[in-house]
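Trainee: For the sequence shown, my numbering assigns the number 10 to the initial residue and increments by one for each residue that follows.
Cβ atoms here follow ideal geometry from the backbone N, Cα and C, with glycine treated the same way.
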Amino acid sequence: MVEFIPLLMFFVICLFFMAGFPVAFTLAGTSLLFAGIGILFGAFEPALLGAIPIKLYGDMTNMNLVAVPLFVFMGVLLEKSNLAEDLLGNMAELIGGFRGSLAISVILVGALIAASTGIVGATVIAMGLISLPIMLGRNYDHSLATGTICATGTLGQIIPPSVALVILGDVLSSAYQQSQLSIGNFSAKTVSVGDLFLGAIVPGMILVFSYITYVILKSYLNPMTAPAHQVEKSDQSTLILVLTNLAPPLLLIVAVLGSILAGIATPTEAAGVGAFGAILLALSKGKLNKKNLTEAVQGTTEITSMVFMILIGSSIFVLVFRGFGGDELITSIFSQIPGGVIGIVLVVMILIFLMGFILDFIQIIFILIPMVGPIVMAYGVDPIWLGIMIAINLQTSFLTPPFGFALFYLRGVAPPEIETISIYRGVIPFIAIQLALLVVLAVFPQLVTFLPNLIYS
Numbered sequence: 010m011v012e013f014i015p016l017l018m019f020f021v022i023c024l025f026f027m028a029g030f031p032v033a034f035t036l037a038g039t040s041l042l043f044a045g046i047g048i049l050f051g052a053f054e055p056a057l058l059g060a061i062p063i064k065l066y067g068d069m070t071n072m073n074l075v076a077v078p079l080f081v082f083m084g085v086l087l088e089k090s091n092l093a094e095d096l097l098g099n100m101a102e103l104i105g106g107f108r109g110s111l112a113i114s115v116i117l118v119g120a121l122i123a124a125s126t127g128i129v130g131a132t133v134i135a136m137g138l139i140s141l142p143i144m145l146g147r148n149y150d151h152s153l154a155t156g157t158i159c160a161t162g163t164l165g166q167i168i169p170p171s172v173a174l175v176i177l178g179d180v181l182s183s184a185y186q187q188s189q190l191s192i193g194n195f196s197a198k199t200v201s202v203g204d205l206f207l208g209a210i211v212p213g214m215i216l217v218f219s220y221i222t223y224v225i226l227k228s229y230l231n232p233m234t235a236p237a238h239q240v241e242k243s244d245q246s247t248l249i250l251v252l253t254n255l256a257p258p259l260l261l262i263v264a265v266l267g268s269i270l271a272g273i274a275t276p277t278e279a280a281g282v283g284a285f286g287a288i289l290l291a292l293s294k295g296k297l298n299k300k301n302l303t304e305a306v307q308g309t310t311e312i313t314s315m316v317f318m319i320l321i322g323s324s325i326f327v328l329v330f331r332g333f334g335g336d337e338l339i340t341s342i343f344s345q346i347p348g349g350v351i352g353i354v355l356v357v358m359i360l361i362f363l364m365g366f367i368l369d370f371i372q373i374i375f376i377l378i379p380m381v382g383p384i385v386m387a388y389g390v391d392p393i394w395l396g397i398m399i400a401i402n403l404q405t406s407f408l409t410p411p412f413g414f415a416l417f418y419l420r421g422v423a424p425p426e427i428e429t430i431s432i433y434r435g436v437i438p439f440i441a442i443q444l445a446l447l448v449v450l451a452v453f454p455q456l457v458t459f460l461p462n463l464i465y466s
C-alpha cells in the first residue's frame, strides 16, 4: 500500500486544484503534509527534506528562467501601449477587403502578439477586446469570429519566442539529462531553449497556414460568414506608411528570435533586447507614458511571481514524490502499458490533455514533465519532438469545450449577444486542425527535428 502513496498524493492535489485552492501553495503544502505523515510512519526519509533549500536555490539562480520576466514585459508592454491594435489596423489595410481578410489579419497579428507574450490568457483577452468588436461590426459570423480569436490566442504555446517554450525548454533539458544518467549515458548532448525554438518553427508555420486556409475556404463556401468590405485604395505613400508601421514590431520579433537561433545571444540576453526594444518601439510611436509603463511593470510582476511560486511549489512536490518512490512506481506502470514506447507516449499525451482542463501550461510543465519526462525519454524519445508535441497538445486542450481556458477568457470579454455555444462551435474546426497536426508530427517527426539537426549539425 505504501508504494501507492505518490499516486494518492497526486490525486489529493488534483482535488484541491478543482476546489479552487491556489496551485503553488497546494503543491507545497500538500507535499509537506504527506512527507510529515510519511516520517511519522517511517515511510519517508526525513533527510530528503534537507535538499529543498538547495533545490530552490538552484531554481532561483537558473539563468534561463531570467528570460521569463523579460519576455513577459515585452509582450505586456506591446499590449498596454495599444501597439497590437495599430498592428491589426495596418495589417487589415495592407491585405485588403476580400472575404475573410479581417479574420486573416487577426490570425497574423495574433500570431505576432502570441509570440511576444506566450501567455494564452493575455493573448485571447487582448485579441478579444481589440478585434471582436471590429469583426462583429463587419457582420462576421459569431462562431467564425470567436473561434478564430480563441485559436489564434493559443498560438503562444508553439510560436517562438514564447514564455511557454522557454519554461518547457528548461524543464525538458533537466528531464533529458536525468533520463540519460538513468540509462548510464554520462556524455549526453544538451537540449537548449534554442533547440525547442527551432523545432517549433515549422509546426508553427503549418498551424498558421492551416488556420488561414480554413478561413479562406469557410468564407468562400459560405460568404455570409465573412463578408467582404470596402477599403480605401492605398496610394504609394499610404502603402509605405502601413509597411513602416508594420516593420518595427516584425523586426523586433525577428531580432529576438534570430539572435537566439544564430547563437549570437542566449535566450536571456535576447529577452533583454526584446524588452528594451519594446520600450523603444512604444516610445517611437508616442505610445509610452507613465500609465502604460506602470501597468506593464505591474502585469509583469504578477505573472512572474505566479510562475516562480508555482516553480517553488512544484520543486517541493517533485522532491517528495520521488522520496516516496514515485519514479519507480511510474516506471513500473509504464512497463505494463501495451504498445511499447508508442503506447507510453500516447498515455502521456492523453494525461497532459486531460490535465489541461484544470491546470495552466506553467503548472503542467512544472508538475508533470519532471515526473514522466525522464522515464519517457529513457525509452529513446527525442526531447525536442516530445516538447513540441506537448506544446501543441496543451494548445488543443486549452481550446476544447467545455473546460478550455481560452474559451473562458474570451467569454469573459465577449459582449452578451455572443452565445457560449457559438464559441464552442467556432473552435471545433481549429481543434480538428491541431489534432491533425499532432498526427502528422507523430508520423513525420522530421518536421520537428529537421531544423535543429540542420542548424546544429
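Between Gln-189, Gly-272, Ile-46 and Pro-276, which lies nearest to Leu-464 when the distance is taken from Cα to Cα?
Mentor: As a first step, residue 464 must be located in the sequence shown, where it is residue number 455. It should be noted that the sequence gives Ile, not Leu, for residue 464. Comparing Cα positions, the closest option is Gly-272.
Trainee: According to the neighbour-count rule (16 or more other Cβ atoms, all chains shown, within 10 Å of its Cβ), is Gln-166 buried or exposed?
Mentor: Here residue 166 refers to the residue found at position 157 when the sequence shown is read from its first residue. Gln-166 should be labelled buried.
Trainee: Closest to Ala-415 by C-alpha separation, out of Phe-370, Pro-142, Val-172 and Leu-230, would be which residue?
Mentor: Counting from one through the sequence shown, the residue named residue 415 turns up at place 406. Cα-wise, what sits closest to Ala-415 is Phe-370.
Trainee: Go ahead and pull the three-state DSSP assignment for Leu-36.
Mentor: For the purposes of this step, residue 36 is taken as residue 27 along the sequence shown, with counting starting at 1. Reduced to three states, the DSSP call for Leu-36 is helix.
Trainee: At which residues does the alpha helix (DSSP H) containing Ala-387 begin and terminate?
Mentor: Position 378 of the sequence shown, counted from the start, is the residue given in the question as residue 387. Element bounds for Ala-387: n/a, residue is neither H nor E.
Trainee: Do you know whose CA, among Thr-310, Met-380 and Ile-346, lies nearest Ala-184's CA?
Mentor: To locate residue 184, count along the sequence shown from 1; it is residue 175. Minimum Cα distance to Ala-184 is reached at Met-380.
Trainee: If you drop the 5 nearest sequence neighbours on each side, which residues of the same chain put their C-beta closer than 7 Å to that of Gly-352?
Mentor: For this step, residue 352 is matched to residue 343 along the sequence shown. So the qualifying residues of the chain are Ile-346.
Trainee: Where in the stretch 283-342 do unbroken runs of the alpha helix (DSSP H), each at least 4 residues long, occur, reported from the N-terminal end onward?
Mentor: List check, alpha helix (DSSP H) in window: 299-332.
Trainee: Can you give me the C-alpha to C-alpha distance between Gly-106 and Leu-24, rounded to a whole angstrom?
Mentor: In the sequence shown, counting from the first residue as 1, residue 106 sits at position 97. In the sequence shown, counting from the first residue as 1, residue 24 sits at position 15. Using only the alpha carbons, I get a separation of about 50 Å.
Trainee: Quick check on Val-448: buried or exposed, where buried means 16 or more other Cβ atoms within 10 Å of its Cβ?
Mentor: Mapped onto the sequence shown, residue 448 falls at position 439. The residue is exposed, with fewer than 16 neighbouring Cβ atoms inside 10 Å.
Trainee: Hey, out of Ser-324, Met-386, Ser-323 and Ile-319, whose CA is closest to Phe-343's CA?
Mentor: Position 334 of the sequence shown, counted from the first residue, corresponds to residue 343. Considering only alpha carbons, the answer is Met-386.
Trainee: Please say whether Val-350 and Ile-390 have beta carbons closer to each other than 9 Å?
Mentor: Here residue 390 refers to the residue found at position 381 when the sequence shown is read from its first residue. Here residue 350 refers to the residue found at position 341 when the sequence shown is read from its first residue. The amino acid at residue 390 is misidentified as Ile; the sequence shows Val. Against a cut-off of 9 Å, the Cβ pair of Val-350 and Val-390 comes out as a contact.
Trainee: So, using beta-carbon positions, are Val-8 and Ile-359 closer together than 9 Å?
Mentor: Nothing can be reported for residue 8: it is not among the residues displayed for the chain, which extend from 10 to 466.
Trainee: Would you mind working out which of Gly-98, Ile-321, Phe-26 and Ile-116 sits nearest Phe-218, comparing C-alpha positions?
Mentor: Counting from one through the sequence shown, the residue named residue 218 turns up at place 209. When each option's Cα is compared against that of Phe-218, the closest is Ile-116.
Trainee: Rounded to whole angstroms, what's the CA-CA distance from Thr-275 to Phe-80? Just pull it up for me.
Mentor: Residue numbering aside, residue 275 sits at position 266 when the sequence shown is read from its first letter. Residue numbering aside, residue 80 sits at position 71 when the sequence shown is read from its first letter. Their backbone Cα atoms lie some 13 Å apart in a straight line.
Trainee: Buried or exposed: where does Tyr-433 fall if 16 or more other Cβ atoms within 10 Å of its Cβ makes it buried?
Mentor: Here residue 433 is taken as the residue at index 424 of the sequence shown, counted from 1. Tyr-433 comes out buried.
Trainee: Hey, quick one: how far does the alpha helix (DSSP H) through Asp-369 stretch, first residue to last?
Mentor: Here residue 369 corresponds to residue number 360 of the sequence shown, with the count starting at 1. From DSSP, Asp-369 is part of no alpha helix (DSSP H); its letter is neither H nor E.
Trainee: Report the three-state DSSP secondary structure of Asn-71 (helix, strand or coil).
Mentor: Reading the sequence shown from its first residue, position 62 is the one you call residue 71. Three-state result, Asn-71: coil.
Trainee: So, Ala-280 versus Leu-87, is the Cβ gap smaller than 9 Å?
Mentor: For the purposes of this step, residue 280 is identified with residue 271 of the sequence shown, where counting begins at 1. For the purposes of this step, residue 87 is identified with residue 78 of the sequence shown, where counting begins at 1. No. Outside cutoff.
Trainee: From the DSSP output, in three-state form, read off Arg-147 for me.
Mentor: Here residue 147 is taken as the residue at index 138 of the sequence shown, counted from 1. DSSP places Arg-147 in coil when its eight states are reduced to three.
Trainee: Just to confirm my understanding: we take Ala-138, look at its own chain, exclude 5 residues before and 5 after, and list those with CB closer than 6 Å. What are they?
Mentor: For the purposes of this step, residue 138 is taken as the residue at position 129 of the sequence shown. Reading off the sequence, residue 138 comes out as Leu, not Ala. Excluding sequence neighbours, Leu-138 sits near Val-422.
Trainee: Could you give the DSSP three-state label for Asp-391: helix, strand or coil?
Mentor: As a first step, residue 391 must be located in the sequence shown, where it is residue number 382. Correct three-state label for Asp-391: coil.
Trainee: For Pro-78 and Thr-313, which I take to be in contact (beta-carbon distance under 8 Å), what is that distance rounded to the nearest angstrom?
Mentor: Counting from 1 along the sequence shown, the entry for residue 78 is found at position 69. Counting from 1 along the sequence shown, the entry for residue 313 is found at position 304. Confirmed, Cβ separation roughly 4 Å.
Trainee: Need the endpoints of the alpha helix (DSSP H) that Thr-222 sits in, please.
Mentor: For this step, residue 222 is matched to residue 213 along the sequence shown. 202-230 is the span of the alpha helix (DSSP H), which, as asked, contains Thr-222.
Trainee: Out of curiosity, what's the CA-to-CA distance linking Val-21 and Leu-42?
Mentor: Translated into positions along the sequence shown, residue 21 becomes position 12. Translated into positions along the sequence shown, residue 42 becomes position 33. Approximately 11 Å, taken between the alpha carbons.
Trainee: Evaluate Gln-3 with the Cβ neighbour count: other Cβ atoms within 10 Å of its Cβ, from every protein chain shown; 16 or more gives buried, anything less gives exposed.
Mentor: In the structure as shown, the chain starts at 10 and stops at 466, and residue 3 therefore has no counterpart that could be examined.
Trainee: My guess is that Leu-181 and Pro-392 are in contact by the Cβ rule of under 8 Å, so how many angstroms apart are they, rounded?
Mentor: Counting from one through the sequence shown, the residue named residue 181 turns up at place 172. Counting from one through the sequence shown, the residue named residue 392 turns up at place 383. Contact holds; Cβ gap of about 5 Å.
Trainee: Considering only the beta carbon of each residue, do Gly-283 and Ala-305 sit closer than 9 Å?
Mentor: As a first step, residue 283 is located in the sequence shown; it is residue number 274 there, counting from the start. As a first step, residue 305 is located in the sequence shown; it is residue number 296 there, counting from the start. For Gly-283 and Ala-305, no; Cβs fall outside 9 Å.
Trainee: Does the count of Cβ pairs from the stretch 95-114 and the stretch 135-155 closer than 8 Å reach three?
Mentor: With the cut-off at 8 Å, the stretch 95-114 and the stretch 135-155 touch.
Trainee: DSSP on Ala-28, reduced to helix/strand/coil?
Mentor: If you number the sequence shown from 1, residue 28 lands on position 19. Coil at Ala-28, not helix or strand.
Trainee: Express the C-alpha separation of Leu-111 and Ala-173 in angstroms, rounding to a whole number.
Mentor: The residue labelled residue 173 in the question sits at position 164 within the sequence shown. The residue labelled residue 111 in the question sits at position 102 within the sequence shown. Taking the straight line joining both Cα atoms gives about 27 Å.
Trainee: Which residue spans inside the stretch 373-460 form an unbroken alpha helix (DSSP H) run of at least 4?
Mentor: Entirely contained in the stretch 373-460, the alpha helix (DSSP H) runs reaching 4 residues are, in chain order, 392-406, 414-422 and 429-452.
Trainee: To the nearest angstrom, how far is the alpha carbon of Ser-293 from that of Gly-193?
Mentor: Translated into positions along the sequence shown, residue 293 becomes position 284. Translated into positions along the sequence shown, residue 193 becomes position 184. Those two C-alpha atoms are separated by around 55 Å.
Trainee: Measure the CB-CB distance between Met-83 and Ala-209 and report whether it falls below 9 Å.
Mentor: For the purposes of this step, residue 83 is taken as the residue at position 74 of the sequence shown. For the purposes of this step, residue 209 is taken as the residue at position 200 of the sequence shown. No, the pair does not count as a contact, with Cβ atoms beyond the cut-off.
Trainee: Do Leu-36 and Ile-376 have their beta-carbon atoms positioned less than 9 Å apart in this structure?
Mentor: Position 367 of the sequence shown, counted from the start, is the residue given in the question as residue 376. Position 27 of the sequence shown, counted from the start, is the residue given in the question as residue 36. Taking 9 Å as the Cβ cut-off, Ile-376 and Leu-36 qualify as a contacting pair.
Trainee: From Thr-437 to Leu-395, what does the alpha carbon distance come to, in whole angstroms?
Mentor: Position 428 of the sequence shown, counted from the start, is the residue given in the question as residue 437. Position 386 of the sequence shown, counted from the start, is the residue given in the question as residue 395. Checking the sequence shown, residue 437 turns out to be Ile, not Thr. Distance between the alpha carbons of Ile-437 and Leu-395: 25 Å.
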